[in-house]
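Asker: Numbered per this note's numbering, the sequence shown spans residues 2 to 420.
To start, I am sharing the structure in question, which I have written as structure tokens.
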Amino acid sequence: MARNGSLQFTDLEAVGPGTPAGRYLRLFWHPIARLKDLPAGRPKLVEILGEMFTVYRGTDGTPNVTAHRCPHRGTPLSLGWVEGDTLRCRYHGWRFDGTGQCVEQPNEDRPFCDKIRVQTYPTQEYAGLVFAYFGEGAAPPFPRYPDLDRPGVLVADPVEVLPCSFWNKIENDHGHRPWVHRATALRKNRSDILVIRQEKVEETPYGLRGSRSVSGVKSDAKSSLGLVKGEQAAAESDLQMARYKHWYMPCLKLWFQRTRAKGFEHRRDLWDTKAVWTVPINDHTNASFDVSLTPLVGEEARAYAKSRAGQEAEAESRWDLAEKILAGKMTLEDLPDDMSAYTSFTIEDYVTQVGQGPLKGRGEEMLAPSDMRIVMLRRLWMREVGALLEGQPLTQWELPTEPFIPATAWSRQLQGASA
Ligand code: FES
Ligand SMILES: [Fe+2]
């Protein structure tokens, strides 16, 4: 297992304040909620990085993140009421504005509001999500991703909360697809999922990039994909678009995949741009915020959005099914045929990742050559966290300023898909 001086890789499982990984993660913006789960006027308790916070949107719709507890007697502010753009505590009615300034103390003859503040945190809406920055000092510039900033149907999926370390999620590797997702591939007649691919990984200015290829064959080897004549061009295009996966430090994965939306499975030409931010809720729970952008406009876009919205109901019971599978009461093959592939994929990933258990206690792993990305990711983290602990300069990650899928290809997709 990787180590850097006295720092061991398994030490990075802890994410609370003052822990090595917790300190590093607090240097970045993180998503905390979907916009659609945060109706204006309803405060919500949020746990992230082992700490509690309150998030609310006032009447102007702007999200605000404040400390968990009221500075008066410590009652959770998420129990309170939103009034205009302010938040009122449920215990004795103190009221705070979006900057954290106390603006009312109803029980006091001589209010001392100007002396009272509650901590607030920078927030930003992006890609259907609310992001916040929990570090000290000024927040770094908010990172935007050119591949998400283009026309199409943007869907933020139901947040996936998994009872395991965020490492179990961000170390999910390319080699799992034909095995973990076998049941879905067979159910949905997706032979491409069953193809074993090899992956080369390299460090980039933003983190890591993996390029995948089919073992021993070039992209024109249609027979190895089980494709029939006439699908060659589509297969080549598939392989081009699916070849790269991008991992942005610390916890974002961005890639391209054929859509899995119900009713659109036959559309070999229709690609989702996928971005998944994974954040630790605490040392043993993580949340993934999964966003996709699909190149459709007009009537088809509305039909597509409706199909994706259908997943919301399935998501309600998906972890009950996953826990039954983990407990041996049913199998992945028993999931219903008409379940959306998005939902069954999440269940398949849940049982394998949650089933791994914590880093500490898992025992020694036997990493193989195909686990190169995991090895590189661990090295990257150990290097950066080690530098942070020693007060050394950290890598200043640079985001791409241009989309990975060129504008002309995206327009072609838009036109082709909507033709
Ligand atoms: S505890 Fe919040 S007003 Fe008293
Ligand atoms: Fe998966």
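Every residue, glycine too, gets a C-beta built ideally from N, C-alpha and C.
Which residues in the same chain have their Cβ closer than 6 Å to the Cβ of Pro-40, if we skip the five residues on either side of it in sequence?
Answerer: Translated into the one-based positions of the sequence shown, residue 40 becomes position 39. Once the five neighbours on either side are set aside, Pro-40 has no close Cβ partner at all.
Asker: Check for me: the alpha helix (DSSP H) holding Gly-356 runs from which residue to which?
Answerer: The count along the sequence shown starts at 1 and reaches residue 356 at position 355. Unbroken alpha helix (DSSP H) run through Gly-356: 342-356.
Asker: Out of curiosity, what's the CA-to-CA distance linking Gln-393 and Ala-68?
Answerer: For this step, residue 393 is matched to residue 392 along the sequence shown. For this step, residue 68 is matched to residue 67 along the sequence shown. Near 30 Å, if we compare the C-alpha coordinates of Ala-68 and Gln-393.
Asker: Does at least one heavy atom of ligand 1 sit under 7 Å from the Cβ of Arg-74?
Answerer: Taking the sequence shown and counting its residues from 1, one reaches residue 74 at position 73. Indeed, a heavy atom of ligand 1 lies less than 7 Å from the Cβ.
Asker: Does the beta-carbon of His-175, which I'm using as the reference point, lie nearer than 7 Å to any heavy atom of ligand 2?
Answerer: Residue 175 sits at position 174 when you count from the first residue of the sequence shown. No, since every heavy atom of ligand 2 falls outside the 7 Å radius drawn around the Cβ of His-175.
Asker: Under the rule that 16 or more other beta-carbon atoms within 10 Å means buried, what is Met-367, buried or exposed?
Answerer: Position 366 of the sequence shown, counted from the start, is the residue given in the question as residue 367. Exposed.
Asker: By DSSP, does Arg-35 sit in helix, in strand, or in coil?
Answerer: Along the sequence shown, one-based indexing puts residue 35 at 34. Correct three-state label for Arg-35: strand.
Asker: Taking only the alpha-carbon atoms, compute the straight-line gap between Leu-378 and Pro-77 and give it to the nearest angstrom.
Answerer: Sequence index remark: in the sequence shown, residue 378 carries index 377 (1-based). Sequence index remark: in the sequence shown, residue 77 carries index 76 (1-based). Rounded to the nearest angstrom, the two C-alpha atoms are 37 Å apart.
Asker: Cutting at 6 Å between CB atoms, please list the residues of its own chain near Met-53, excluding the five before and the five after it.
Answerer: Residue 53 sits at position 52 when you count from the first residue of the sequence shown. Excluding sequence neighbours, Met-53 sits near His-69.
Asker: Just checking, does the region 241-255 make contact with the region 201-215 on the three C-beta pairs under 8 Å criterion?
Answerer: A contact exists between the region 241-255 and the region 201-215.
Asker: Rounded to the nearest angstrom, what separates Leu-149 and Glu-317 at their Cα positions?
Answerer: Taking the first residue of the sequence shown as 1, we reach residue 149 at position 148. Taking the first residue of the sequence shown as 1, we reach residue 317 at position 316. Their backbone Cα atoms lie some 27 Å apart in a straight line.
Asker: Taking 7 Å as the cut-off, is the beta-carbon of Val-352 closer than that to any non-hydrogen atom of ligand 2?
Answerer: For the purposes of this step, residue 352 is taken as the residue at position 351 of the sequence shown. No, since every heavy atom of ligand 2 falls outside the 7 Å radius drawn around the Cβ of Val-352.
Asker: Classify Gln-312 as helix, strand or coil using the three-state DSSP reduction.
Answerer: The count along the sequence shown starts at 1 and reaches residue 312 at position 311. In this structure, Gln-312 counts as helix in the three-state DSSP scheme.
Asker: According to the Cβ coordinates, are Val-156 and Ala-302 closer than 8 Å?
Answerer: Numbered from its first residue, the sequence shown carries residue 156 at position 155. Numbered from its first residue, the sequence shown carries residue 302 at position 301. No. Outside cutoff.
Asker: Helix, strand or coil for Ile-375 per DSSP?
Answerer: Taking the first residue of the sequence shown as position 1, residue 375 is located at position 374. In this structure, Ile-375 counts as helix in the three-state DSSP scheme.
Asker: What separation, rounded to the nearest whole angstrom, lies between the Cα atoms of Leu-36 and Gly-6?
Answerer: One-based indexing of the sequence shown puts residue 36 at position 35. One-based indexing of the sequence shown puts residue 6 at position 5. Rounded to whole angstroms, Leu-36 to Gly-6 spans 42 Å at the Cα level.
Asker: Roughly how many whole angstroms lie between the Cα atoms of Gly-94 and Pro-72?
Answerer: On the sequence shown, position 93 is the one that residue 94 refers to. On the sequence shown, position 71 is the one that residue 72 refers to. The straight-line gap from Cα to Cα measures roughly 12 Å.
Asker: Within this structure, are the beta carbons of Thr-353 and Val-196 separated by less than 8 Å?
Answerer: Taking the first residue of the sequence shown as position 1, residue 353 is located at position 352. Taking the first residue of the sequence shown as position 1, residue 196 is located at position 195. No; because the gap between Cβ atoms is not below 8 Å, this pair is not in contact.
Asker: Using 8 Å for Cβ pairs, my map puts Ser-341 next to Gly-311. What's the rounded Cβ distance?
Answerer: For the purposes of this step, residue 341 is taken as residue 340 along the sequence shown, with counting starting at 1. For the purposes of this step, residue 311 is taken as residue 310 along the sequence shown, with counting starting at 1. Confirmed, Cβ separation roughly 7 Å.
Asker: Where Arg-111 and Val-131 are concerned, what is the direct C-alpha to C-alpha distance, given to the nearest angstrom?
Answerer: Here residue 111 refers to the residue found at position 110 of the sequence shown. Here residue 131 refers to the residue found at position 130 of the sequence shown. Between Arg-111 and Val-131, the C-alpha separation is close to 37 Å.
Asker: Measuring only from the beta carbon, is Val-181 closer than 7 Å to any heavy atom that is part of ligand 2?
Answerer: Here the question's residue 181 lines up with position 180 in the sequence shown. Checking the Cβ of Val-181 against ligand 2 gives yes.
Asker: Report all residues from its chain with a CB closer than 6 Å to the CB of Tyr-249; omit the five preceding and five following residues, and keep chain order.
Answerer: By one-based count along the sequence shown, residue 249 stands at place 248. Tyr-207 and Gly-208.
Asker: What does the Cβ neighbour count give for Pro-21, buried or exposed, with the cut at 16 atoms within 10 Å?
Answerer: Looking up residue 21 in the sequence shown gives position 20. Counting Cβ neighbours within 10 Å, Pro-21 comes out buried, since at least 16 surround it.
Asker: Where does Ala-139 sit, in a helix, a strand or coil, going by DSSP?
Answerer: Against the sequence shown, residue 139 aligns to sequence position 138. Residue state, collapsed to three classes: coil.
Asker: Between the region 255-270 and the region 123-142, do three or more beta carbon pairs fall short of 8 Å?
Answerer: Too few Cβ pairs lie closer than 8 Å, so no.
Asker: Can you give me the start and stop residues for the alpha helix (DSSP H) that Tyr-25 sits inside?
Answerer: Against the sequence shown, residue 25 aligns to sequence position 24. Element bounds for Tyr-25: 21-26.
Asker: How about the region 166-181 and the region 319-329: do they share at least three Cβ pairs that are nearer than 8 Å?
Answerer: Output reads no: the region 319-329 does not touch the region 166-181.
Asker: Give the single residue among Leu-26, Gly-51 and Gly-19 whose Cα lies nearest to the Cα of Asn-283.
Answerer: The residue you call residue 283 lines up with position 282 of the sequence shown. If we check each option's Cα against that of Asn-283, Gly-51 comes out closest.
Asker: Let me know the secondary structure DSSP gives Cys-114 once reduced to three states.
Answerer: Numbered from its first residue, the sequence shown carries residue 114 at position 113. Three-state result, Cys-114: helix.
Asker: Within the region 155-219, note down every full alpha helix (DSSP H) run reaching 4 residues or more, in order along the chain.
Answerer: You should have 167-171, 178-181 and 183-188.
Asker: Less than 8 Å separating the beta-carbons of Val-280 and Ala-288?
Answerer: One-based indexing of the sequence shown puts residue 280 at position 279. One-based indexing of the sequence shown puts residue 288 at position 287. Cβ atoms of Val-280 and Ala-288: closer than 8 Å.
Asker: Between Lys-263 and the rest of its own chain, which residues show a CB-CB distance below 7 Å, the 5 nearest in sequence each way excluded?
Answerer: Position 262 of the sequence shown holds residue 263. Answer for Lys-263: Ser-308, Gly-311 and Ser-341, listed in chain order.
Asker: Quick check on the burial criterion: 16 or more other C-beta atoms within 10 angstroms. Buried or exposed for Lys-230?
Answerer: Here residue 230 corresponds to residue number 229 of the sequence shown, with the count starting at 1. Legend: pLDDT at Lys-230 = 43, less than 50; position of this residue unreliable, no value from coordinates given.
Asker: Does the beta-carbon of Lys-275 have 16 or more other beta-carbons within 10 angstroms, so that it is buried, or is it exposed?
Answerer: By 1-based counting over the sequence shown, the position of residue 275 is 274. The residue in question, Lys-275, is buried, as its Cβ has 16 or more Cβ neighbours within 10 Å.
Asker: Which class does Glu-126 belong to by DSSP, given the choice of helix, strand or coil?
Answerer: Stepping through the sequence shown from its first residue, residue 126 is reached at position 125. If DSSP states are grouped into helix, strand and coil, Glu-126 belongs with the strands.
Asker: From the DSSP output, in three-state form, read off Trp-411 for me.
Answerer: Taking the first residue of the sequence shown as 1, we reach residue 411 at position 410. If DSSP states are grouped into helix, strand and coil, Trp-411 belongs with the helices.
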